[in-house]
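**Q** Dumping the structure here so I can ask a few things about it.
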Amino acid sequence: AVAAVLAVGIAAWPALLARRSRRWRTAAATGVALAALAYPLFAATAVTVRRNRPSTGELAVQWIRAHVPEGAAFLREDYTPALRRELYPQVHRRFAARMSLAEIRDPAWDYLLLSHSAYGRFLDPALWSQPHHQEFARRYEAMFGFDLVREFTPGWFRAGPLLRLYRLDPEEIDYRRKRLFAADRADWVSDPQIREAPRPRRLRYTRRWQYALFKEYFDAGAYRARIEYRPREAEGYLHVVSREGREVGTFPMGPEVRLDLPEPGKYFFKVFLAPPTELFGLLVEPAE
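The sequence shown begins at 26 in this note's numbering and counts up one residue at a time.
The following block contains the structure:
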């Protein structure tokens with residue numbers, strides 16, 4: 026596009042130069058010649074720089090690894106980077122709008138990753154060729170109103186599509202003060218073998234340091250956590266972090282753990298235990 030504009034400008038110069046002085050025409054012609062030579066050099070340089078800089082997808086992966094705790098669950102669509110599944114549970118759809126807004130807002134999910142290369146086609150009504158395209162456009166407009174965490178923008182010196190990372194929450198959040206988590210209902214486990222316990226309603230740790238993750242929206246305040254596991258002398262600890270990656274603390278195993286949640290939010294409770302240990306559940310309640 027830039028080359029086309031430059032070509033049109035060059036074609037128009039003879040008529041314009043004819044009305045100017047000879048010195049002015051010489052200087053102007055020299056400038057135009059330099060501009061014509063400079064653009065290919067600039068374009069070639071931009072291509073080289075793009076190839077040697079992280080793309081928008083690579084930047085997104087780097088940022089997520091640095092700021093989002095392991096175990097956070099992602100919804101992502103085509104043209105977004107794949108995340109390591111052993112770190113982040115994820116569901117991929119060709120278009121995120123194939124899911125209903127209620128499904129997208131399910132508390133099981135933490136983040137939504139969109140790509141302009143996927144959703145862009147639905148933003149122009151002239152491109153709607155199927156009856157459901159208008160509904161997809163409506164859903165994307167609703168998604169754009171979610172809490173935008175980060176945007177990864179391409180450009181002359183950055184390859185890749187425009188990517189948008191959103192935080193996902195239900196329309197109405199119920200901040201809890203107490204929650205009993207059953208072990209076998211863990212939101213995520215670091216190793217699927219943990220779920221292969223010989224007896225029901227428990228998790229069985231077989232390697233160091235596997236963990237089970239429990240997630241919930243909690244109000245701010247002082248809490249105590251009681252972890253039920255056997256044998257009681259087993260080593261372990263509880264790691265608590267907000268969905269946004271803000272550390273609450275790491276606490277050694279004991280009869281109960283005291284912790285302070287600084288603000289209302291979604292918190293991750295990760296129970297690490299050394300083998301052979303069985304986890305029965307986790308109770309989080311206000312401290313007395």
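Heads up, the beta-carbon is just placed ideally off N, CA and C, and yes, glycines get one too.
For V309, which three-state DSSP category applies?
**A** Strand, per DSSP.
**Q** State the beta-bridge partners of D285 as determined by DSSP.
**A** Partner(s): A247.
**Q** Specify the secondary structure class of D172 as computed by DSSP and reduced to three states.
**A** Reduced to three states, the DSSP call for D172 is strand.
**Q** Flag this pair as yes or no: are the beta carbons of Y242 and V265 separated by less than 8 Å?
**A** Contact: no.
**Q** Thinking C-alpha only, which one of H141, E253, P300 and Y262 is nearest G306?
**A** That would be E253, whose Cα lies nearest to the Cα of G306.
**Q** What's the gap between the Cα of G270 and the Cα of L84?
**A** Whole-angstrom Cα-Cα distance: 18 Å.
**Q** What's the gap between the Cα of R109 and the Cα of Q87?
**A** Each residue's Cα considered, the two are about 12 Å apart.
**Q** Measure the beta-carbon distance from A299 to R233 and round it to whole angstroms, keeping in mind my assumption that it falls under 8 Å.
**A** Rounded, the Cβ-Cβ distance is 5 Å, consistent with contact.
**Q** Does I252 come out as helix, strand or coil in the three-state DSSP assignment?
**A** If DSSP states are grouped into helix, strand and coil, I252 belongs with the strands.
**Q** Give me the residue from E288, L139, L284 and Q235 with the minimum Cα distance to E111.
**A** E111 has its Cα closest to that of Q235, out of E288, L139, L284 and Q235.
**Q** Considering only DSSP beta bridges, list what H117 is partnered with.
**A** In DSSP, H117 forms a bridge with R101.
**Q** Taking all protein chains shown into account, do 16 or more other C-beta atoms lie within 10 angstroms of the C-beta of W181, making it buried, or fewer, making it exposed?
**A** Exposed is the call here.
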